[in-house]
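Engineer: Residue numbers (our numbering), protein chains in the order written: chain A, 923 to 1206; chain B, 3 to 469. Just so it is clear, CB atoms sit at the ideal spot from N, CA and C, and this is done for glycine as well.
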Amino acid sequence: MISGFNFAYLDEQTKRSIRRSLLKAVAIPGHQIPFSSREMPMSYGWGTGGIQVTAAVIGQTDVLKVIDQGADDTTNAVNIRRFFQKVCGVETTEQTTAATLIQTRHRIPETPLQAGQIIVYQVPIPEPLRWIESSEVETRKMHALADYGSMYVKLYEDITHYGHIATAYDYPVMVHGRYMMRPSPIPRFDNPKMHLSPALQLFGAGREKRIYAVPPYTSVKSLDFEDHPFAVEKWERICEFCGSTDSFLDEVVVSDQGDRLWICSDTDYCHQRSLSQNLSPQSS
Amino acid sequence: MAYVAVKGGETAIQNAETLLKAWRRGDPQVPELTLDQITQQLSLGVNRVMCEGSLYDPELAALAIKQSWGDLVEAIFLLRAYRTTLPRFYNSQPLDTQQMNLQRRISAIFKDVPGGQALGATYDYVHRLLDFKLMAESEAPVALEAEPNRAAMPHVMELLRQEGLIQSVAEKSVEKLARKSAGESAGESAEKFAENAVEAAQESVEKATEKAVKATQGSVERATEDTVKATEDIEETTGETIKDTPEPAVEEADRQPFDLTRQPLSLPAERDARLQNLSRADEGFLLGMAYSTQRGYGNNHPFAGEIRVGQVEVLIAPEELGFEVAIAEISITEVQMVNQFKGNKVQPPQFTQGYGLTLGYNERKAMSMALVDRALQAKELGEAVANPAQDEEFVLSHSDNVEAQGFVQHLKLPHYIDFQAELNLVRQLRQTGREETVDDTVEPTRAETKNGTRNKTMDEARNENEE
């Protein structure tokens, strides 16, 4: 841990103001709360919202896991973990089950989260209606009035044009039957994991200065129609390393001829499965 | 195993940083830049970094420029990130720009003005010829300089105001708020100086102030915390409230100014919030926006009422002391634009104004700011909001280069999960399309298998499991 900075970089006053916003966010599931986002020593777009939320809630006894694209070893995950080691000196882990606090970008771990765990999502654009209505003043009104018809029209248009809802990630959800929420750019595949999760889910958008939350055991429903129910994608492949048939698989191009193989995007999940089967893991 | 997962390990990140540092230093045979050289010889760059970094500290700005390899937007980012860690002890008094130590003062709307016009140091009438003599070394030009004029000098705008030809006083107090927050940027850095000095017990600059600051730090800090807390609570509450109409400017002068560095911008924004946003907005963005209004995208016939460049004192008035203390003298550029206004149902024809203020000497930015400030008043003046520069959500949400550079460049972070999801989707859509238009004989997964894919299919896996 380096000296010269407060624990978790932000001063206590700032952390307290973020926690006040977090409390409000937990009290109104899925509702976006403005917060006084600060410039961090990492660039906007690199997860400053998630980093500020993590900084506001992390304590000395926490065990932190950081993933990006599901992997603990991607550059951005390594860098954020390194930052918190530097400014907090807390224990870190790659094991989902060992972590008390997980910061993620673009994935939810395959291993189900437990009660008492907190998962922090990095959010680029918090507003689910943004591509339909570019004005913040207008979208706030739409949320206030639960005026979400235009989103259903968009999904309906997808079905008429393509036969499917053409949203693969950042698929909009309704939280606790009231607020429409962007789940952050996780693949649609991960949406069902948010529903009634025992873990506390916190979302931070630094550049857009918004925080929102899904408290434990809260209903999170992906938008759909009765005759076009929400469904997640399936692979006709299994993981090259651990043989998983039910995890989100990355397609890896391994030759100039376009040969491909498929591997788990969740490196810890893959690693644990490989170990339990005495296979050689993709990460070690 | 033919494939080993690529690891973006800590070593790679550290090596990248080391390489960056080496490249930034360049040829070690060439003498290293000193911060003094940067503050003295690249001072307009330093000014821009202080202004957009919203921290008045030439030395730190010079350090940021050196550290950022001359990339000013990166330097601005460095300074902002540092600013995050600074506590705030005081709010400054509004800057009194009538009491400026003027180095330059121009009015384009009168041939001469009381107090006179002064060109000062300007490129305006310099022939832009490359000066090859500068390639040689040791140049030390000496210039004739008049004694600084410390006498109070009223703004040219006052002349119009006396005749009632310019916007109302309510607006003027908002400008006061903007000047106040500019003073605070300076205040924070002055306090940092104070702290450092106290810690090192060496610096003897403005000792009296430092003692005062130190003596009162504790109580003020607590008071400020409470205030900040209260303000944030209020902000959060009002942020939730949907405002269809701008609230009337009641007790405008008594209202605490909005603080962009402590509060999230909420829309619609009041003019004090807008001015703060513009003051630290990206110079290039503002220039482009201002230019667009001149070319017809929201034209409002601007005249340069007055441009002032010089030093102004930053005062704080700690309640414990009961009197004002000057904590710094900062260099600023102030621009007041006069714009035509034909009037509306409630207001007779008069001149309106746009206001620009930057830390340091940066006339291009201050003038751009004034034009955009005026364009953003369209709504209040009952003008049609039909162009980008008049749209406050558009301008204020996209003006900050620390935010903008981050989000544009984050696209280079790994996005392969979302891309995988898109790949799956596009393949699915194409498959659906084919099934509908051709027939059922097409087997889309075959193509991939032909390419020598070695993965087992789900069916194969299931069969194996059954075995």
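1. Using DSSP's beta-bridge definition, name the partner residues of histidine 1150/A.
2. Determine, using beta carbons only, whether glutamate 1155/A comes closer than 8 Å to chain B.
3. Excluding the 5 residues preceding and the 5 following tryptophan 968/A in the sequence, name in chain order all residues of the same chain whose CB lies nearer than 7 Å to its CB.
4. Going by beta carbon distance, what residues of the same chain come within less than 7 Å of serine 1202/A, once the five residues before and after it are set aside?
5. Who are the Cβ neighbours of leucine 1183/A in its own chain at under 7 Å, not counting the five residues just before and after it?
6. Between the Cα of valine 115/B and the Cα atoms of Asp126/B, Val144/B, His157/B, which residue gives the shortest distance?
7. Check the Cβ of proline 270/B against every Cβ in chain A and list those closer than 9 Å, keeping chain order.
8. Got a sec, what are the start and stop residues for the beta strand (DSSP E) threonine 970/A sits in?
9. Could you confirm whether any beta carbon from chain B is found closer than 8 Å to the beta carbon of tryptophan 968/A?
10. Using a Cβ-Cβ distance under 8 Å, would isoleucine 419/B count as near chain A?
11. Using a Cβ-Cβ cut-off of 6 Å (strictly less than) and excluding sequence neighbours within five positions of alanine 292/B, which residues of its own chain qualify?
12. If you pair each beta-carbon of the region 923 to 942 of chain A with each one of the region 968 to 981 of chain A, do three or more pairs fall below 8 Å?
13. Does the structure place the region 379 to 391 of chain B close enough to the region 358 to 366 of chain B that three or more beta carbon pairs sit under 8 Å?
14. Identify, in the order they occur along the chain, each residue of the same chain with its Cβ nearer than 6 Å to the Cβ of serine 959/A, setting aside the five sequence neighbours on each side.
15. Can you check whether the CB of methionine 102/B is closer than 8 Å to the CB of arginine 310/B?
16. What in chain A is Cβ-close to glutamine 430/B, meaning under 8 Å?
17. Look at the alpha carbon of valine 397/B and the alpha carbon of phenylalanine 79/B, and state the distance between them as a whole number of angstroms.
18. Return the CA-CA distance between isoleucine 1133/A and proline 351/B, expressed in angstroms with no decimal places.
19. What residue does the beta strand (DSSP E) around asparagine 341/B start on, and which one ends it?
20. When the cut-off is 8 Å and only beta carbons count, does arginine 1104/A lie next to chain B?
21. Residues of chain B with CB under 8 Å from histidine 1117/A, in chain order?
22. By the three-class DSSP mapping on this structure, what secondary structure does alanine 372/B have?
23. Output the boundary residues of the alpha helix (DSSP H) element that contains phenylalanine 79/B.
24. Identify the contact partners of glutamate 424/B in chain A, using a Cβ-Cβ distance below 7 Å as the criterion.
25. Whose C-beta lies closer than 6 Å to the C-beta of arginine 1003/A among residues of the same chain, with five residues either side of it excluded?
26. In chain B, which residues lie less than 7 Å from phenylalanine 957/A when you measure between Cβ atoms?
27. Report the option in Gln1194/A, Arg1159/A, Pro1120/A, Thr1082/A whose CA atom is closest to the CA atom of threonine 1140/A.
28. When we look at the beta-carbon of tryptophan 1157/A and count the other beta-carbons within 10 Å, is it buried (16 or more) or exposed?
29. Out of Arg942/A, Ser1144/A, Thr1089/A, which has the shortest C-alpha to C-alpha gap to arginine 1100/A?
30. For the region 30 to 42 of chain B and the region 50 to 68 of chain B, state whether three or more C-beta atom pairs, one from each stretch, are separated by less than 8 Å.
31. Since threonine 1104/A and isoleucine 1047/A are thought to touch, with beta carbons under 8 Å apart, how far apart are those beta carbons, to the nearest angstrom?
32. On the premise that glutamine 169/B lies in contact with glutamine 355/B, defined as a C-beta separation below 8 Å, what is that separation, rounded to the nearest angstrom?
33. Starting from arginine 107/B and walking both ways along the beta strand (DSSP E), at which residues does that stretch end?
34. Which of the three DSSP states, helix, strand or coil, is assigned to asparagine 389/B?
35. Pairs of beta-carbons, one from the region 54 to 61 of chain B and one from the region 374 to 383 of chain B, closer than 8 Å: are there three or more?
36. Let me confirm a value: aspartate 1149/A is counted as buried when at least 16 other C-beta atoms fall within 10 Å, else exposed. Which label applies?
Structural biologist: Short version:
1. Answer is Phe1147/A, bridged to histidine 1150/A.
2. Answer yes: the Cβ-Cβ gap between glutamate 1155/A and chain B drops below 8 Å somewhere.
3. Closer than 7 Å at the Cβ level, and outside the excluded window around tryptophan 968/A, lie Asn998.
4. Excluding residues within five positions, the ones whose Cβ falls inside 7 Å are Ser1196.
5. For leucine 1183/A, same chain residues with a beta-carbon under 7 Å away, outside a window of 5 residues either side, are Glu1162, Val1174, Val1176 in chain order.
6. Checked all of Asp126/B, Val144/B, His157/B; the closest Cα to valine 115/B is His157/B.
7. Going along chain A in sequence order, the residues near proline 270/B (Cβ under 9 Å) are Val1059.
8. For threonine 970/A, there is no enclosing beta strand (DSSP E); the residue is part of the alpha helix (DSSP H) that begins and ends at 970 to 979.
9. Closer than 8 Å: yes.
10. Interface with chain A (8 Å Cβ-Cβ cutoff): isoleucine 419/B is included.
11. Here the set comprises Ser370, Leu373, Val374.
12. Contact between the region 923 to 942 of chain A and the region 968 to 981 of chain A is present: three or more C-beta pairs spanning the two stretches fall below 8 Å.
13. Verdict: no, contact absent.
14. A distance below 6 Å between beta-carbons, with the five flanking residues on each side excluded, links serine 959/A to the following residues of its chain, in chain order: Gly1128, Lys1131.
15. Yes, the pair counts as a contact, with Cβ atoms nearer than the cut-off.
16. Neighbours of glutamine 430/B on chain A, chain order: His1086, Glu1155.
17. Straight-line Cα distance between these residues: approximately 20 Å.
18. So the two alpha carbons sit approximately 46 Å from each other.
19. Taken as a continuous stretch (DSSP letters only), the beta strand (DSSP E) holding asparagine 341/B covers 327 to 343.
20. Chain B, which has no Cβ nearer than 8 Å to the Cβ of arginine 1104/A, makes this no.
21. Within 8 Å Cβ-Cβ: nothing; histidine 1117/A doesn't reach chain B, min ~19 Å.
22. Here alanine 372/B sits in helix by DSSP.
23. Looking at the DSSP string, the run of the alpha helix (DSSP H) that includes phenylalanine 79/B is 74 to 85.
24. Result: Ala1090.
25. Excluding sequence neighbours, arginine 1003/A sits near Val988, Thr1014.
26. Within chain B, the residues Pro266 have their CB atoms less than 7 Å from the CB of phenylalanine 957/A, given in chain order.
27. Out of Gln1194/A, Arg1159/A, Pro1120/A, Thr1082/A, Pro1120/A has the C-alpha closest to the C-alpha of threonine 1140/A.
28. Classification of tryptophan 1157/A: buried, given that the 10 Å Cβ count is 16 or more.
29. A check of alpha carbon separations from arginine 1100/A across Arg942/A, Ser1144/A, Thr1089/A identifies Ser1144/A as the nearest.
30. A contact exists between the region 30 to 42 of chain B and the region 50 to 68 of chain B.
31. The displayed chain sequence assigns arginine, not threonine, to residue 1104/A. That pair is a contact at about 7 Å.
32. Right, their Cβ atoms sit about 6 Å apart.
33. 103 to 108 is the span of the beta strand (DSSP E), which, as asked, contains arginine 107/B.
34. DSSP places asparagine 389/B in the coil class of the three-state scheme, outside both helix and strand.
35. No, because fewer than three Cβ pairs between the region 54 to 61 of chain B and the region 374 to 383 of chain B fall closer than 8 Å, the two stretches do not touch.
36. Exposed, by the Cβ-count rule.
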